[in-house]
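Read through the structure below, which is laid out as structure tokens, and then see the notes.
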Ligand SMILES: *Cc1c(COP(=O)(O)O)cnc(C)c1O
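Residue numbers (the working numbering): 203 to 570.
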């Protein structure tokens, strides 16, 4: 979107320096295992064309996306990276992978057959990962299929063998130990092929979870990876303009549904953003429950009433007279408001806050 100069739009600042620091922190933690980076869904909403080069400059060499289309965009940005496509081979797409040197993560016997046929036709071992299910029941070969494949051979030599943890965000969850034990047996059956288990939470867990290559996502972007553990450095900052400050009387209601009624003489700041920008309606306040906060003039102020499509109201009554005026900026993320704090107000997780960040924000990349 083009922004006329001086136009007071909301500003989303993405700190590429903090992002790179977060990758280096995880890389140091998991060494000597290699630290990759998951940049699916446009780098968790933050912009893969800026995020991926910052991670490459920090030292990341192996990247993961969800879709082939994401892989094609990433290939243009990073000509030399190893790029895995987690979603694997959609029917009939195998032949499109070798040109841009994308590596599918093969998750079923049918996908493995497709790849083996392509390798045979071209007379080369094209790199691809094999995903084994160790308990998530989402994608991946069953353990029996994996052991059988290891015995008889896939028809090509996989470049990676992987699985995905279901419960690593809960410290000490017994399911993580069970998945690790199953995966260790699979990795042993595919001796000599690099193995990958750990998402962000796995990176932050014990060494026994790191194997050869890790796949962190959320922790790079400043989200909480392990419940009850503070995130790495915050990466996003969101500031939105105040477009009006108005007064209300006790008994007045604010916004759609008259969901919140003022209990005192109040001043209300109206912010120029709403659920169309990914600021979920669930963040709003009603008479029955408080909503999210915004920071205005350095102080936390509560949302009042429902979040509209393009407008959000904040109670600024407790700010000193004249502390907030039209044109000031309210901090929605940053200055101590984390993506996970915001997520909690909407009954969701930091991942969803990030991947929903709106297309109307003016995006600024700092620290690159
Ligand atoms: C998304 C994803 C990751 C990254 O998970 P985080 O929790 O964001 O670190 C790793 N591996 C796979 C297979 C994924 O789908």
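Where a beta carbon is used, it is the ideal one built from N, C-alpha and C, also for glycine. Computed from a predicted model, the values in this text were never measured in an experiment.
query                                                                                                                                                            : result
Grab me the residues of residue 302's own chain with a C-beta within less than 7 Å of its C-beta, minus the 5 sequence neighbours each way, in chain order.      : 273, 274 and 277
Helix, strand or coil: which one does DSSP assign to residue 466?                                                                                                : coil
Taking C-beta to C-beta, are residue 402 and residue 379 nearer than 8 Å?                                                                                        : no
Could you give the distance in angstroms between the alpha-carbon of residue 412 and the alpha-carbon of residue 389?                                            : 12 Å
Examine ligand 1 and report whether any of its heavy atoms sits within less than 7 Å of the Cβ of residue 418.                                                   : yes
How many angstroms separate the CA atom of residue 300 from the CA atom of residue 289?                                                                          : 16 Å
What residue range does the alpha helix (DSSP H) around residue 320 cover?                                                                                       : 311–324
Can you tell me whether residue 534 is helix, strand or coil according to DSSP?                                                                                  : strand
Using C-beta distances below 7 Å, list every residue in its chain close to residue 487, excluding the 5 sequence neighbours before and after it, in chain order. : 462, 493, 504, 505, 506 and 507
Where in the stretch 345–376 do unbroken runs of the beta strand (DSSP E), each at least 3 residues long, occur, reported from the N-terminal end onward?        : 362–364
Identify whether residue 547 lies in helix, strand or coil by the three-state DSSP scheme.                                                                       : helix
Hey, how far is the Cα of residue 526 from the Cα of residue 519?                                                                                                : 10 Å
Within this structure, are the beta carbons of residue 553 and residue 425 separated by less than 8 Å?                                                           : yes
Going straight from the alpha carbon of residue 336 to that of residue 517, what length do you get?                                                              : 49 Å
Relative to ligand 1, is the shortest distance from any of its heavy atoms to the C-beta of residue 291 smaller than 7 Å?                                        : no
Let's see if you can read the secondary structure: which residues bound the alpha helix (DSSP H) around residue 402?                                             : 402–406
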